[in-house]
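This report concerns only the one structure given below.
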Amino acid sequence: MTDASHSLIVTIVRKGWGSTVLEASVNAGARGGTVLIGRGAGVNEQERIFGVSIEPEKEILLTVIRSDKVDAILGEIERAAQLDEVGHGIAFVLPVEKLVGIAHFLAPAQGRE
């Protein structure tokens, strides 16, 4: 199914903040998300203990949403995860070209929309 009406928000935050981002996304209109674990290697991740580099764990949240909700959800993610602070994380949006397995998107959510 070709579907330009949906977008993917990718949010990468400090360990322990994935549930905060997920809750903020849902409160702003998302229907859920997927949290993955990753390791950071950016300039703000260069911690050393006894001369050994440490790569801190990150949580990566993937959220597929209707494109008309991007601004509201991204704004809430930025606020909740404090993304305006250096080293707190990053979020970006990608267009979704094809999407399958979206029965929950096609039926209105109870109490929403």
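So the sequence shown is numbered by the working numbering: it starts at 40 and just counts up by one. By construction, the Cβ of each residue, glycine as well, lies at the ideal position given by its N, Cα and C atoms.
On the criterion of 16 or more Cβ atoms from any shown chain inside 10 Å, does residue i qualify as buried, or is it exposed?
{"i": "Ser46", "result": "buried"}
{"i": "Lys54", "result": "exposed"}
{"i": "Ala119", "result": "buried"}
{"i": "Leu61", "result": "buried"}
{"i": "Leu100", "result": "buried"}
{"i": "Val103", "result": "buried"}
{"i": "Glu96", "result": "exposed"}
{"i": "Ala142", "result": "exposed"}
Measure the CB-CB distance between residue i and residue j and report whether it falls below 7 Å.
{"i": "Gly128", "j": "Leu122", "result": "yes"}
{"i": "Gly77", "j": "Ile112", "result": "no"}
{"i": "Ile48", "j": "Val132", "result": "yes"}
Just reading off the beta strand (DSSP E) that residue i is part of, what are its end residues?
{"i": "Arg53", "result": "His45 to Arg53"}
{"i": "Arg78", "result": "Thr73 to Arg78"}
{"i": "Leu101", "result": "Glu96 to Arg105"}
Counting Cβ pairs closer than 8 Å, one from the region 135-142 and one from the region 67-77, do we hit at least three? Segments in contact, no.
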